[in-house]
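Notes follow the structure.
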Ligand SMILES: *Cc1c(COP(=O)(O)O)cnc(C)c1O
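In the numbering used here, the protein residues as written are 6 to 386.
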């Protein structure tokens, strides 16, 4: 029996009412609510354009397509991420060039990025792991110097900030996820953001089959049945059902971030002793942390996951470095290729953290974890 889930969505009566309203409106797919969600989301992160999609993976894929990245190109990215970051590069026919991470944050190491840049480099794709901003100031400086765009995988980073700017606005493009476990959920969904009107327009078109006008503009007020297909596109856009949930969730982001930050502080306080004794490593702090995940590092992680579950506590592991998965074996990176990423993975344990969690639940999780670790050192003595 799991009493403390690793994650669970925070959806209430307002989200329910918003979905029912869309159902009764007679227009459930891409339409006016999606447009409003895009506008409010762009304002929230402080950028010009947002295009609502059905996943972050779709947003990553379309950023690469819209930038004209394809066969012969290289995209420098991280092994410490979810598979779709790397799969999206493969889907446009480009080559993912993986480089190692900072062992503390598990974010891209800017020096390793710079060393990997070649004349074939078409983009740098950074992830803000756990909601801790990547070293975007140095990454952007490197990208500018080499004339390549920076793309941000912001799946964990709503709303991370650094140097007075929000995640998704440092690079040429940003991709957010609204999957069930993420800081804002629409069940599934994603958002592409950019300050470039051209990129936004291309992504918008590609997300709806490449049509010159979407269904809302054909069947909506003043629409006309005729359309032209401008380029072979994809079916990646959001629906108004999802956008209605997203609009409510967006307005709760301030409260959600405050709660996750309080949970992170409670963990930090309760685990300070173990950290001081060198038994456990706490995640580094950052004033603009979005606290999507609370990743501690500890020896014997696999065993801890099971023992926490036996005491009713869900946990998870972020991430299995992508080059260790079978699908990417052809990229040519052997186990041992990325010592920092692999070393972090061996000891990484994600503790429960979600929008509905309280600091007292974090204190409970921390005391169960401390008990298990104390039992271990007693046995070892
Ligand atoms: C969740 C996640 C994704 C994929 O998001 P989807 O919306 O499920 O496509 C991409 N990158 C990272 C780092 C993620 O955690």
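Virtual Cβ for every residue (Gly too), placed ideally from N, Cα, C.
Here the alpha carbon of residue 229 sits roughly 15 Å from the alpha carbon of residue 36. If only uninterrupted alpha helix (DSSP H) runs of at least 4 residues are considered, those enclosed by the segment 117-169 are 141-151.
Here DSSP, grouped into helix, strand and coil, assigns residue 196 to strand. Cβ-Cβ distances below 6 Å link residue 275 to 368, 371 in the same chain, with the five nearest sequence neighbours on each side left out; the list follows chain order. A direct Cα-Cα distance of roughly 11 Å separates residue 106 from residue 86.
Bridge partners of residue 354 according to DSSP: 301.
Distance from the CA of residue 49 to the CA of residue 171, rounded to the nearest whole angstrom, comes to 9 Å. Set against 7 Å, the gap from the CB of residue 87 to the closest heavy atom of ligand 1 is smaller. Within the same chain, Cβ atoms closer than 8 Å to the Cβ of residue 375 are found at 275, 276, 278, 279, the five residues on either side in sequence being excluded.
Secondary structure at residue 236: coil, using DSSP grouped into helix, strand and coil.
Counting along the chain, the unbroken alpha helix (DSSP H) around residue 29 starts and ends at 18-30. Residue range 100-103 is occupied by the beta strand (DSSP E) that includes residue 101. For residue 107, the distance from the CB to the nearest heavy atom of ligand 1 is not below 7 Å. Of all alpha-carbon atoms in 193, 104, 262, 331, the one lying nearest the alpha-carbon of residue 345 is that of 104. Relative to ligand 1, the nearest heavy atom lies less than 7 Å away from the CB of residue 184. Relative to ligand 1, residue 90 has its C-beta within less than 7 Å of a heavy atom. Within the model, the alpha-carbon separation for residue 332 versus residue 26 is close to 43 Å. Taking the C-beta atoms as reference points, residue 272 is found no nearer than 8 Å to residue 354. Membership of residue 178 in the beta strand (DSSP E) is indicated by the continuous run 178-182. Counting along the chain, the unbroken beta strand (DSSP E) around residue 81 starts and ends at 79-82. Closer than 7 Å to some heavy atom of ligand 1: that describes the Cβ of residue 60.
Inter-residue distance for residue 137 and residue 163 is about 10 Å (C-alpha atoms, whole angstroms).
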